[in-house]
Each structure stands twice: as C-alpha cells, then as structure tokens.
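A short worksheet on the structure shown next.
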Amino acid sequence: MVPEIGNISLTLALVVSILLAVYPLWGAYRQHDTLMATARPLAIGLFFFTLISFVCLVYAFVTDDFSLAYVAQHSNSRLPLHYKVTAVWGGHEGSFLLWVLMLSIWTVAVALFSRGIPHAMVSRVLSVLGMVSVGFYLFMLLTSNPFDSMLPFFPVDGRDLNPLLQDFGMIIHPPMLYMGYVGFSVAFAFAISALLSGQLDSTWARWSRPWVIAAWSFLSVGIALGSWWAYYELGWGGWWFWDPVENASFMPWLAGTALMHSLAVTEKRKAFKSWTVLLAIAAFSLSLLGTFLVRSGVIVSVHSFASDPTRGLFILGILVILSGFGLLLYALRASQLKSPGRYQAFSREVLLMGNNVLLCAATLVVLLGTLLPLVHKELGLGSISVGAPFFNQMFTWLVVPFVLFLGLGPLTRWKQQHVAALRNQLLLAFGLSISAAFLVSMSYSQPSYMAALGLTMAFWILITSIQEVLQRIGAMQDNDSMLRRLRKLTPSHWGMVLGHLGFAVTLIGISLVSNYEVERDVRMAPGETVSLGGYEFTFRDVVKHQGPNYDADIGIFDVFRNGEKVVHLEPEKRMYTVQRMPMTEAGIHSTLTRDLFIAMGEPLENGAWAVRIYIKPFVIWIWCGAAIMALGGACSISDRRYRMAKLARLKQTFSHPQTTTQTGEQS
Amino acid sequence: MKKFPLVAVPVLLFTVLIVFLFQGLFSDPRELDSQATGKPLPDFSLPDLMQPDTSYGPDDLTGKVRILNVWGVWCVTCAVELPYLTKLSREQDVTFVGLYFDQDLDPDFGTKTLSRVQQEVTDMLSRYGNPYAFNIFDVYRDMSLDLGVTGAPEHFVIDAEGIIRMHHIGDINERVWNNKIGPLYNRLRQQNRSLEAAE
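Residue numbers (the working numbering), protein chains in the order written: chain A, 1 to 667; chain H, 668 to 866.
Here you go:
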C-alpha cells in the first residue's frame, strides 16, 4: 500500500512540475497575473508530493518491505535502524529520489523567500526550475523508479547495504552534496530567466547571489565530508584521489566559486555581465555533467553506480536540452549585453577577473583530465589514464597566482588602485609571510620547498586578510572603540574574510600533510612495538567482536611518546556477513597538529597481522578549512541586504533600490 | 554582430563534448584494445629477479599454458590479488609467471639497490603468498613496453606455443577468474593436454 502511495505521489509530482514549467512562464509572457500566481502553490505542491514519495520509501526501508526491488537490494533485516534510513540513498534510484527532493526544496525555498522580487521574474525562475524538474521526474519514473515491485515473488531478506556506506559520514555526505549540486539550478534558473526577459541588469545578480552562496556552502561541506569519509573509511589514509566522481563534484565547486565572485562584480560594478551569466549556466551544466558521469558508466571509477546505457542516454538528453538550450539562448542574447563599468589595469575588478580566469582554467584542467581518457579512446588513439600527478602539478601551477590575487583583491579598490598607496603594506605582508613560512619549515628536520611554498601562500592570505579588516575599520569616521568598529563590519564582509581564511587553513593542511606525512607498512604480532615519527605503537592483542550485521577482529593498540601513553586505539577489520565483504575501520587519533592512523591489513600466520601506520600532520585542517569556508557562506547569507522582503519595502519608500546596498561593501 | 562568434563558442564546445559523451556511452571503458593479443611474445632476454645469473627468453614460456602477471611491490592492487592468485596456483594448479618491474629502480639513475628490491619482494611474497613459478625482472621496463602494459596489475594468458591469447587489465578476483580468464585458461590447458596425449 505505502509504496503505491509513493509511486502515485511521484507521478503527481511529475504532473505538477509540467504545470509549473508551463503556466507561470506563459503568464509572465502574457503579463497575466492569475497565471503567474500559480507559481507558488505549484512549487509547494511539487515539494509536498516529492516529500510524500520520499517518506514512503523511508517507510518501506524501515519496515523491511522487501517486495520493493530497491529495498531488497540495499537493505537487510539485520541492518541497524539508522542505516536503514540512510540506505534510502545508498543506491542509484533512492539517491535520485533524494536528488529530486532537494530540487523541490530549492524550488519551494525560492517560491517562499522571494517576496521582494518582481512577480514576473519569480514566475520565470520557478518555471525554469519546473522544466529542470520535468526532466528528472520523467527520468525517475521511466528508467529508475525506486518503487519497482518484485511481487508476487519477493525475497525473504535483503542483500544488505554496501558496508562502505554503513557509516556516519555517508549519512550526511550525499544530502549535503546534492544540496550543493542541485542548488546551482537556482542560479541557472535566474540566469535563464534574465536572458528570457532581456532584463540583464545587475538586479538579477543581487537576487541570485544568496542562492549561489548557499549552494556553494553546501557543496563545500559535501565535498569535505566525502573526503573525510574516504580518509577514515577506505583505510588507505588518502583524502583526495582525483577519482572521476570526486572530480565530478569538484568541477561545479570551482565554477561556483568563480560565479560567486563574478556575481559580486556584476552586482556592485555592473561589469562582467555576460561572463556571469555564462558561469551560472556552466556551474549547473557541470553539476548535470557530474550526474551523468557518475550514473552512466562512461568512466571507470571506484564508486560509480551500476551502469546502464539507457539511463546515461536519458541524462545526456536532459543535459543536451537544458544546457544546450541555455547556451544557445546565451549565444543569441548575450551579444546585447554591455558592461558599462570602467576600470583601470590595477583594480579589484581586474584581480577578480584574474581569479575567475584561473578558476575556469582549473575547471578545464579537471574536466579535461576526467574526460581525456574517454576522448582519446573515441578518437581511436587507444586507452590512456590520467592520474593524480597530472592534477597535482597543474594545481600547483594554478594556485600560486590564484593566492597572490586572492590576497590582493580585498585590499584594492574598485575601479582604480594606486600601486604606491599599497606598496608598503604589500611588502610587509609578503616579507612576513615568507619569514613565517621559513620559521615553521625550519622546525622540521627535513624542510620541503613545496611545504614552505604552501605555508607562504597560507600566511599571505592570513596577513592580507587582517590588513584588509584593519584598513576597513581604520577608514571608519568615528571614535568608537576597536571592538565596536569590528562589530560594524557587515556579516557579508565577515563572510568573505572567513571564506578566505578557510581557504588558507585548507591550504596549510594540504601542504603539510602532502609533504611531511610518514607511513609504515609492517608485519606485527601481538606484543610487538613499532616506532614511527617519535611515537611507539604497541600492538597488545586482537579480540573478536560480534556486531549487528558483521564480525570483527579488533586490534588493541597503545601509542606512546617518550614513554608516556598518548592514546589507546582500536582499529577493526570487519567482515560483513551478508555481502561477504571485508571492511577496514581505521583507528584514528586526531589533534590539531597531527593524526595517528592505524589500519589493520590482512591476518598473517602465527597471529600476526599486516598493519599500516600513518602519522599525518595537520590533516584535519583540510576539512576544518572547508567548514570555515561554509561558515563564511552562512555569514554572508545572513546579511540583511539579502532579505528581499525588507528590500522591497525600502524600495517602495525610496523608490530607488540602490541606496540600500551602499552599506555592504564586499567582494 | 561582431561579438556574435565569441558568445557562440560555449555552445559549440558543448556540442563537441556531447558528441564524445554520446559515443562514450556505447563503449566499455574497461575494455582495452590490446595490440598484443593473438601474437607471439616479443623477443626478450631478461634475468630472474632473485637469481640475476639465470636469464629467460621467449622459449622459456612455451610448452605449457601460463599466466604472465605484471606486478610490483609498490602496487596496492597487486598485494590485494596475491592471496587469491596463490590459492589458484595451489588449488587449481594454475601457473603464474611474474613480470616484475620497479618504478624507483633504474639501474643507471635509480635510488634503490637490487638487493633492497629483492628484500621487499621476499617480504611481500611471504606476507601475502607466492603464486609465482618464477619472476622475470624487467630491468629497463622495455618488455612491459613491448607488451603494451598500461599499469599494474595486468595479466597475459600465454598458450603452450607462446602466443598471447588474452590481455587482462586489472586484478584477478574470483569473479574475473570464473567469468573471464578461467574458462579460456582451462580450455587452452585442455587442448594442450590432448595434444600431448596424442603425441
């Protein structure tokens, strides 16, 4: 009964999305208020039916309804309850249902929080989101319906959730990632609506900015969680593998970062208009491309979903229709765009443009690296693979100028900056960052140039950010105390500072862990001790443990430093009974400055085990940095000037919207 | 209209991308067109990994069906498949010959010594199992080049005449063995045995 309700709701959601794609747009075209007014209720209906459908699937999982093929393949009666819930997005069909649920959440959010935006614009935006939805609901119902039934013959028990996914990181990673992916659809919808209406002034940039920042923040958290999960769950100790699926999420992030900054220029300076529109289309197209790559099987990856050419073809069709239509519209309309902003060679505009170019170059590098094996083969040149060294080298080249501009950008003025005015400040920042990096590097017995370079860049961002805040509060014309002045800076300004600092923190983590990590693969029997990087790892014992749906061998380790006990670690080797799949649960002790990481390998003869031990300096900073970046995003969105309703009221009072935006000056 | 070509660039690039993605949908990325299949082993003369005085040539790989396994201690997947290969060699009498190459060891410029490599190999084989009849040491990696090796692990099924009958990229696990390599290997072995019996 319940699965049938879910199925019907999903079908109803498709119907609603078709209505949403047609009526409000038609209304906006004909200037027909009643038709435009259907947009909001339809968006709410879309969300409502999708939610019902999702809840039905969750219910099917919780009640072990193995008559559903999807439940039978991804759950098991012995799976703990919380994993039964998360198993909903453990496979292709269910994760797609989560995907469309997120899409409907964004749609309804746009409908509810855009009261200040003109009626016709909201109608167009919601219609475009409706068009995007039509494609995906059709895709679900035609090729990957999670409610497909196995009646009348259904299995007694399910095949269990992939053990890799039975983990806390997996509970929140996909929702966050999808929120980010799908969130760029809002920016896309705004851009397309602006192109459709021909109103390509800076207002669309202001309206879509908070949405882009929100999507970008979610995506940052999602990517970081995925990386963190890979780090502790795969047991290889790595945190980024340049795997096609990781690349698929990284490309929209890079494009989204560029979009976020380009929107700022468009909003404030009315420049880069055409470029911003293109980036908005590109960010969403890359999200779609990522979805295609992950779910079609065109590319080999450790964690791609089961491949099926019809599904791939369908998503490719959606990609062609949405992105192709968007880009075509862009080609037709963008030539009308004129960016009146005038600026000199050394100005914030130019620096932001430089960083945009670098971010786009980085996106292209990832795109080419991911697709080159495919293209190469299709051209009949044979099979090749593009590995981590290519990406690492390219990113090392790209990040240096990027960081240089990143530090300079906030310090410089719009339009024109005299070099002389900043020279001393910059020399000071540069000198300080090099000496700080030098000092830190010297504390290592074998200093590495790459680590020193990374540290210099991080300190450069840190110092220029501080200088920028000081410059800002120094410019305030009042006699308030320091603290009060700091509090006067707008939340969106703090958002920028936090975003940049977060990047610096991540940079520190990456450069130190890449250059100073140490690892040992050893054969250890209980009672033996191995020393690494000043720590002694003592292997006490192995105990058997019976989990709810797995059997485990738990290694008992004590770690000492200079004779003092640091920590007690219990890495596990699990065997999941249903899928007969071994899993490594690493034992990790994290502090701010280093992670101790022990993973159990294979059992050897005489009770000995193959054990892998790592010491990873500052690795946790990588994910902390991402969290700080996302926090910066949240800070920015909380800024008053994005509260549309308030803005609308002010607009009525002053009948001149520009006056309200003067308070927040940030990039 | 002067600006038009520039703004049309994205849509054109996108079209090219779509064409490739569309073609990619209908080809299996795991499938490699190997140049080596169906041909005899390239000529080589290489030393044994453990006893450099012994040297091997193509003739040492005839007379019996064998699987040439390209591997190295630096290769994680190789370590993963070693126990299963060992099991195959013990339980089903499958003959594996290792083709070993090292990334860091270059006899002219390398940082590792041969004895160090031998020590690592011995460690790894004693830890995970040793399926190999013997290991050929591909000193300059030119044998791997001639065979068209793209990485490790890779496997070549070589029949009794020394002809390469299959080139498998990636590891051998139970599924790969049962579905792909095992049937061919057993058929070749059967043919060879009936030939021998006829003689």
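By construction, the Cβ of each residue, glycine as well, lies at the ideal position given by its N, Cα and C atoms.
Measuring CA to CA, which of A/F395, A/F438 and A/Q477 is closest to A/W460? A/F438
Residue range of the beta strand (DSSP E) that A/I588 falls in? Segment G587 to S590, the beta strand (DSSP E) holding A/I588.
Reduced DSSP category for A/M581 - H, G, I as helix; E, B as strand; rest coil: Three-state result, A/M581: strand.
Should A/L483 go down as buried or exposed, given a rule of 16 or more other Cβ atoms within 10 Å for buried? That one is exposed.
State yes or no: is the C-beta of A/G6 within less than 8 Å of the C-beta of A/F147? yes
Hey, does H/V674 have any beta-carbon neighbour from chain A nearer than 8 Å? yes
In chain order, what residues of the same chain lie with their CB nearer than 8 Å to the CB of H/I848, ignoring the 5 residues before and after it? I734, H822, V824, M833, H835 and I839
CB A/E233 to CB A/D167, shorter than 8 Å? Between A/E233 and A/D167, the gap from beta carbon to beta carbon is short of 8 Å.
Start-to-end residues for the alpha helix (DSSP H) that takes in A/Q471: That run of the alpha helix (DSSP H) goes Y449 to G474.
Are A/A214 and A/G256 touching if we call contact CB-CB under 8 Å? no
What does a CB cutoff of less than 7 Å around A/V125 pick up in its chain, not counting 5 residues either side in sequence? V110, A189, F190 and S193
Which residue comes first and which comes last in the beta strand (DSSP E) that contains A/A610? W609 to P617
Tell me which residues of the stretch 517-541 of chain A have at least one Cβ-Cβ distance to chain H shorter than 8 Å, keeping chain order. R523
Might you give, ordered along the chain, the residues of its own chain that have their beta carbon closer than 6 Å to the beta carbon of A/L432, omitting 5 neighbours on each side? I463
State yes or no: is the C-beta of A/V277 within less than 8 Å of the C-beta of A/L195? yes
On the three-state DSSP scale, how would you describe H/F776? Its pLDDT being 49, under 50, H/F776 is placed unreliably by the model, and nothing is read from it.
Secondary structure of A/M170, DSSP reduced to three states: helix
Is the separation between the beta-carbon of A/S296 and that of A/R311 shorter than 8 Å? Taking 8 Å as the Cβ cut-off, A/S296 and A/R311 qualify as a contacting pair.
Give a yes or no on whether 8 Å exceeds the smallest Cβ distance from A/L12 to chain H. no
Output yes if chain A places a C-beta closer than 8 Å to the C-beta of H/F776; else output no. Legend: pLDDT at H/F776 = 49, less than 50; position of this residue unreliable, value from coordinates given subsequently. No, H/F776 lies away from the interface with chain A (no Cβ there is under 8 Å from its Cβ).
In the DSSP output, which residue or residues are listed as bridge partners for H/I803? H/D715 and H/L766
8 Å is my cut-off, CB to CB: does H/I831 come that close to chain A? no
Curious, which full-length alpha helix (DSSP H) runs of at least 4 residues does the stretch 257-331 of chain A contain? 273-296 and 309-319
Does A/A345 pass the burial test, meaning 16 or more other C-beta atoms within 10 Å, or should it be called exposed? exposed
Using a Cβ-Cβ cut-off of less than 7 Å, give me the residues of the stretch 827-852 of chain H that come near chain A, in sequence order. none
Give me whichever residues DSSP pairs with H/Y723 in a beta bridge. H/L713
Does DSSP put A/A552 in a helix, a strand or coil? Strand, per DSSP.
Pop quiz: A/T506 and A/I622 are said to be a contact at Cβ under 8 Å. What is the actual Cβ separation, rounded to whole angstroms? Right, their Cβ atoms sit about 5 Å apart.
Mind pulling the chain H residues with CB within less than 8 Å of A/Y330? Under the 8 Å cutoff, chain H gives V674, P677 and V678.
Could you please give me the residues that DSSP links to A/K565 through a beta bridge? Beta-bridge pairing links A/K565 to A/F560.
Give me the subset of the stretch 253-266 of chain A whose CB atoms are less than 7 Å from a CB atom of chain H, sorted by chain position. none
Under 8 Å between C-beta atoms of H/L728 and A/L316: no
Taking all protein chains shown into account, do 16 or more other C-beta atoms lie within 10 angstroms of the C-beta of A/R423, making it buried, or fewer, making it exposed? exposed
Thinking C-beta only, is A/P603 closer than 8 Å to A/G587? Judged by beta-carbon spacing, A/P603 lies beyond the 8 Å limit of A/G587, meaning their Cβ atoms are not closer than that value.
If we count the other Cβ atoms within 10 Å of its Cβ and call it buried at 16 or more, is A/A475 buried or exposed? exposed
Taking only the alpha-carbon atoms, compute the straight-line gap between A/F557 and A/V567 and give it to the nearest angstrom. CA-to-CA, the gap between A/F557 and A/V567 works out to about 8 Å.
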